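K.L.:
Protein chains in written order, with the numbering used here: chain F, 1 to 220; chain L, 1 to 220. C-beta: ideal position from N, C-alpha, C; glycine also. The structure presented is a predicted model; accordingly, all values stated were derived computationally and were not measured.
Protein chains: 2
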Amino acid sequence: MPQNLDKKDKPQKDKPDKDIPVKGKKDKYHRILNAAIKVFAEEGFFHSTISQIAKEAGVADGTIYLYFKSKDDILLQFFNFKSARVLDRFRKDVNEANDAGSRLENLIHSHLREFQKDPNMAVVFQAEARKGRYLENRVNNLTKTYLGIVGEIIEQGQVEGVFRKDLYFSLVKRFVLGSVDEVINAWVNAGGKYELSSMADPLVDLLLRGIGSRSAMAGQ
Amino acid sequence: MPQNLDKKDKPQKDKPDKDIPVKGKKDKYHRILNAAIKVFAEEGFFHSTISQIAKEAGVADGTIYLYFKSKDDILLQFFNFKSARVLDRFRKDVNEANDAGSRLENLIHSHLREFQKDPNMAVVFQAEARKGRYLENRVNNLTKTYLGIVGEIIEQGQVEGVFRKDLYFSLVKRFVLGSVDEVINAWVNAGGKYELSSMADPLVDLLLRGIGSRSAMAGQ
DNA sequence: CTGATATATGAATCTACATTCATTTAGGAA
DNA sequence: TTCCTAAATGAATGTAGATTCATATATCAG
Numbered sequence: 001m002p003q004n005l006d007k008k009d010k011p012q013k014d015k016p017d018k019d020i021p022v023k024g025k026k027d028k029y030h031r032i033l034n035a036a037i038k039v040f041a042e043e044g045f046f047h048s049t050i051s052q053i054a055k056e057a058g059v060a061d062g063t064i065y066l067y068f069k070s071k072d073d074i075l076l077q078f079f080n081f082k083s084a085r086v087l088d089r090f091r092k093d094v095n096e097a098n099d100a101g102s103r104l105e106n107l108i109h110s111h112l113r114e115f116q117k118d119p120n121m122a123v124v125f126q127a128e129a130r131k132g133r134y135l136e137n138r139v140n141n142l143t144k145t146y147l148g149i150v151g152e153i154i155e156q157g158q159v160e161g162v163f164r165k166d167l168y169f170s171l172v173k174r175f176v177l178g179s180v181d182e183v184i185n186a187w188v189n190a191g192g193k194y195e196l197s198s199m200a201d202p203l204v205d206l207l208l209r210g211i212g213s214r215s216a217m218a219g220q
Numbered sequence: 001m002p003q004n005l006d007k008k009d010k011p012q013k014d015k016p017d018k019d020i021p022v023k024g025k026k027d028k029y030h031r032i033l034n035a036a037i038k039v040f041a042e043e044g045f046f047h048s049t050i051s052q053i054a055k056e057a058g059v060a061d062g063t064i065y066l067y068f069k070s071k072d073d074i075l076l077q078f079f080n081f082k083s084a085r086v087l088d089r090f091r092k093d094v095n096e097a098n099d100a101g102s103r104l105e106n107l108i109h110s111h112l113r114e115f116q117k118d119p120n121m122a123v124v125f126q127a128e129a130r131k132g133r134y135l136e137n138r139v140n141n142l143t144k145t146y147l148g149i150v151g152e153i154i155e156q157g158q159v160e161g162v163f164r165k166d167l168y169f170s171l172v173k174r175f176v177l178g179s180v181d182e183v184i185n186a187w188v189n190a191g192g193k194y195e196l197s198s199m200a201d202p203l204v205d206l207l208l209r210g211i212g213s214r215s216a217m218a219g220q
């Protein structure tokens, strides 16, 4: 029944490291996490304060430290949690199709859909993710995995003969990621006012065909 | 001879607002600015301290406030200064060519070249530019102008018939910006270890032709 | 109901810097 | 050489805000 089943029950001194209150369930944990993301999205990570987050979550400042090691830890947990969730979704949607073309399509649809579904997440990802220095590891994981998925699709497409074979591999991956990322960025900057998902088809088309006109591209 | 020619010479109280020491010329101003950018690039803006910057620049902490209103102001000045400089370069290089295709090529070459030339700037731009809230205006200015240049090129290319006419205009612009941006990002993340400029040609090729194979794209 | 443990609280603490300013130093006019 | 003003200095100041912790409250077993 006590929270730490495997330890002697030294009443105090166990580090607030891994032990999180269990009585109140995951409920409060997520309440705080969501509140934090909302605040981060509005103020930016560095300008956000624990007090703001606490108020937003409807708890006391101190309570936050029952669930998170530090302010940084909140952001970290967020990235871990969301990255996993989102990447899962991507993979699932990609596997929904079989040919490379449809898979790329699905990936991008999924990507835009997920970000549109959770604007706060989108803002925080766009704003704090590609930055780095101290979070880099975690976020790089998201980027790495994403690039991996794209890479697989590209390779498959080349085998299928629907994608060009003369591609600078690591460049193409960045090319795809960069385009999608910037489309999301634009949407975020615009305050999420329009349908992000509606960009998916035109974007896929651009990725596949490029901006050159048929005729101009004909000569080689 | 006094620094404020147009004001009564109240000895003290003039706000350190616009007046910058002139004796020591622009020299020290730029020394501090460059030091700051170096530190920002290494530590990230929020983790950088005035003391670090001062040490790097070889001046006293207080001296910085003779040249800048605040820490934020340093970043601001940097963006203003560099944006102008860089956009100028872009325009010049774009105008070096006459047809849209070459102009796009020049823009991207120029872009990668300039960022490669000044890695600290590149890092700070990539890291702090997309954040926002309080710098947004300035940075948006860079983005806006850049998108403008791209837009002009696209339009010209459509008239010339070398670019497709069925393009979602604002999307294409983001598409171009996003790709280039992410290529720079990758380079920055890799620690600037390779020739960034060498990505220009392959990237332009991707933008123009896309990743779809000729045959696959044939059927409309 | 009673005690015991788990949670929650928020005021008090502590620290890291940004910013200021009394003093010192440098430059140059007379 | 002597003054006077511009520049530079860096220790002292002030503050915001993260983190802690002594208390208070809720939960639950018996």
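With burial defined as no fewer than 16 other Cβ atoms inside 10 Å of the residue's Cβ, what is the status of glycine 212 of chain F: buried or exposed?
P.N.:
Against the first sequence, residue 212 of chain F aligns to sequence position 212. Burial call: buried.
K.L.:
Quick check on the DSSP output: what are the complete alpha helix (DSSP H) runs of length 4 or more inside the segment 30-70 of chain F, in order along the chain?
P.N.:
50-57, 61-67
K.L.:
Compare the C-beta of glutamate 114 of chain L with all C-beta atoms of chain F and state if any pair is closer than 8 Å.
P.N.:
Within the second sequence, numbered from 1, the residue matching residue 114 of chain L stands at position 114. With 8 Å as the cut-off, glutamate 114 of chain L does not count as an interface residue toward chain F.
K.L.:
Identify, in the order they occur along the chain, each residue of the same chain with its Cβ nearer than 8 Å to the Cβ of glycine 151 of chain F, setting aside the five sequence neighbours on each side.
P.N.:
Sequence index remark: in the first sequence, residue 151 of chain F carries index 151 (1-based). Answer for glycine 151 of chain F: Phe169, Lys173, listed in chain order.
K.L.:
Taking only beta carbons into account, state which residues of the segment 167-179 of chain L come closer than 7 Å to chain F, listed in chain order.
P.N.:
Leu167, Tyr168, Leu171, Val172, Arg174, Phe175, Leu177, Gly178, Ser179
K.L.:
Check distances from the C-beta atoms of the segment 46-62 of chain F to those of chain L and list, in chain order, the residues that come in under 7 Å.
P.N.:
Phe46
K.L.:
Beta-carbon within less than 8 Å of phenylalanine 175 of chain F's beta-carbon, same chain only, minus the 5 sequence neighbours each way: which residues are those?
P.N.:
Position 175 of the first sequence, counting from 1, holds the residue named residue 175 of chain F. Counting only Cβ-Cβ distances below 8 Å, and skipping sequence neighbours, we find Leu207.
K.L.:
Could one say the Cβ of glutamate 152 of chain F lies closer than 8 Å to chain L's Cβ atoms, at least one of them?
P.N.:
As a first step, residue 152 of chain F must be located in the first sequence, where it is residue number 152. No - not a single Cβ of chain L is within 8 Å of the one on glutamate 152 of chain F.
K.L.:
Using alpha carbons as the reference points, say which of F/Leu87, F/Glu43, F/Met199 lies closest to tyrosine 146 of chain F.
P.N.:
Walking along the first sequence from the start, residue 146 of chain F turns up at place 146. Of F/Leu87, F/Glu43, F/Met199, the residue nearest in Cα terms is F/Leu87.
K.L.:
Determine which residues of the segment 205-216 of chain F have a Cβ less than 8 Å from any Cβ of chain L, and write them out in chain order.
P.N.:
Interface annotation for the segment 205-216 of chain F against chain L: Leu206, Leu207, Leu208, Arg209, Gly210, Ile211, Gly212, Ser213, Arg214, Ser215, Ala216, criterion Cβ-Cβ distance under 8 Å.
K.L.:
With distances taken between CB atoms, is the gap from isoleucine 154 of chain F to valine 94 of chain F smaller than 8 Å?
P.N.:
Translated into the one-based positions of the first sequence, residue 154 of chain F becomes position 154. Translated into the one-based positions of the first sequence, residue 94 of chain F becomes position 94. No; because the gap between Cβ atoms is not below 8 Å, this pair is not in contact.
K.L.:
For glycine 192 of chain L, which of helix, strand or coil comes out of DSSP?
P.N.:
As a first step, residue 192 of chain L must be located in the second sequence, where it is residue number 192. Note: glycine 192 of chain L maps to coil in three-state DSSP.
K.L.:
In chain order, what residues of the segment 96-125 of chain L put their CB closer than 8 Å to some CB of chain F?
P.N.:
Gly101
K.L.:
Does DSSP classify glycine 157 of chain F as helix, strand or coil?
P.N.:
Within the first sequence, residue 157 of chain F is the residue found at index 157, counting from 1. Reduced to three states, the DSSP call for glycine 157 of chain F is helix.
K.L.:
So, are the CB atoms of isoleucine 32 of chain L and isoleucine 53 of chain L less than 8 Å apart?
P.N.:
As a first step, residue 32 of chain L is located in the second sequence; it is residue number 32 there, counting from the start. As a first step, residue 53 of chain L is located in the second sequence; it is residue number 53 there, counting from the start. Taking 8 Å as the Cβ cut-off, isoleucine 32 of chain L and isoleucine 53 of chain L qualify as a contacting pair.
K.L.:
Can you look up glycine 151 of chain F in the DSSP assignment and give me helix, strand or coil?
P.N.:
Taking the first residue of the first sequence as position 1, residue 151 of chain F is located at position 151. Correct three-state label for glycine 151 of chain F: helix.
K.L.:
To the nearest angstrom, report how far apart valine 124 of chain F and glycine 192 of chain F are at their CA atoms.
P.N.:
On the first sequence, position 124 is the one that residue 124 of chain F refers to. On the first sequence, position 192 is the one that residue 192 of chain F refers to. Cα to Cα, valine 124 of chain F sits roughly 13 Å from glycine 192 of chain F.
K.L.:
Going by the CB atoms, is the gap between glycine 210 of chain L and glycine 178 of chain F shorter than 8 Å?
P.N.:
Here residue 178 of chain F corresponds to residue number 178 of the first sequence, with the count starting at 1. Here residue 210 of chain L corresponds to residue number 210 of the second sequence, with the count starting at 1. Cβ atoms of glycine 178 of chain F and glycine 210 of chain L: not closer than 8 Å.
K.L.:
Would a C-beta distance cut-off of 8 Å place leucine 203 of chain L and isoleucine 184 of chain L closer than the cut-off?
P.N.:
Along the second sequence, read from residue 1 onward, the residue named residue 203 of chain L stands at position 203. Along the second sequence, read from residue 1 onward, the residue named residue 184 of chain L stands at position 184. Taking 8 Å as the Cβ cut-off, leucine 203 of chain L and isoleucine 184 of chain L do not qualify as a contacting pair.
K.L.:
On a CA-only basis, which of L/Asp205, L/Ala35, L/Ala122 is nearest glutamate 182 of chain L? Give me that one, please.
P.N.:
For the purposes of this step, residue 182 of chain L is taken as the residue at position 182 of the second sequence. Nearest C-alpha to glutamate 182 of chain L: L/Ala122.
K.L.:
Between asparagine 185 of chain F and chain L, is there a C-beta pair that is closer than 8 Å?
P.N.:
Along the first sequence, read from residue 1 onward, the residue named residue 185 of chain F stands at position 185. Cβ-Cβ to chain L under 8 Å: yes for asparagine 185 of chain F.
K.L.:
Taking 6 Å as the limit between beta carbons, can you name the residues of its chain near isoleucine 20 of chain F, skipping five residues before and five after?
P.N.:
Numbered from 1 along the first sequence, position 20 holds the residue referred to as residue 20 of chain F. Contacts found: Tyr67.
K.L.:
Can you have a look at aspartate 17 of chain F and say buried or exposed, based on whether 16 or more other CB atoms are within 10 angstroms of its CB?
P.N.:
Here residue 17 of chain F refers to the residue found at position 17 of the first sequence. For aspartate 17 of chain F, the pLDDT reaches just 45, beneath the cut-off of 50, and the residue's location in the model is therefore unreliable, leaving the point undetermined.
K.L.:
Out of F/Lys26, F/Arg103, F/Met199, which one is the CA nearest neighbour of glutamine 156 of chain F?
P.N.:
Position 156 of the first sequence, counted from the first residue, corresponds to residue 156 of chain F. Among F/Lys26, F/Arg103, F/Met199, the Cα nearest to that of glutamine 156 of chain F belongs to F/Arg103.
K.L.:
From threonine 143 of chain L to phenylalanine 115 of chain L, what distance separates their C-alpha atoms?
P.N.:
Counting from one through the second sequence, the residue named residue 143 of chain L turns up at place 143. Counting from one through the second sequence, the residue named residue 115 of chain L turns up at place 115. Cα to Cα, threonine 143 of chain L sits roughly 15 Å from phenylalanine 115 of chain L.
K.L.:
Below 8 Å between beta carbons: does that hold for alanine 84 of chain F and glutamate 56 of chain F?
P.N.:
Position 84 of the first sequence, counting from 1, holds the residue named residue 84 of chain F. Position 56 of the first sequence, counting from 1, holds the residue named residue 56 of chain F. 8 Å or more divides the Cβ of alanine 84 of chain F from the Cβ of glutamate 56 of chain F.
K.L.:
Tell me, please, which residues DSSP counts as bridged to glycine 212 of chain F.
P.N.:
For the purposes of this step, residue 212 of chain F is identified with residue 212 of the first sequence, where counting begins at 1. In DSSP, glycine 212 of chain F forms a bridge with L/Phe163.
K.L.:
Could you check which residue in F/Ala127, F/Arg91, F/Glu128, F/Gln126 has the C-alpha nearest to that of serine 110 of chain F?
P.N.:
Residue 110 of chain F sits at position 110 when you count from the first residue of the first sequence. For serine 110 of chain F, the nearest C-alpha among the options comes from F/Arg91.
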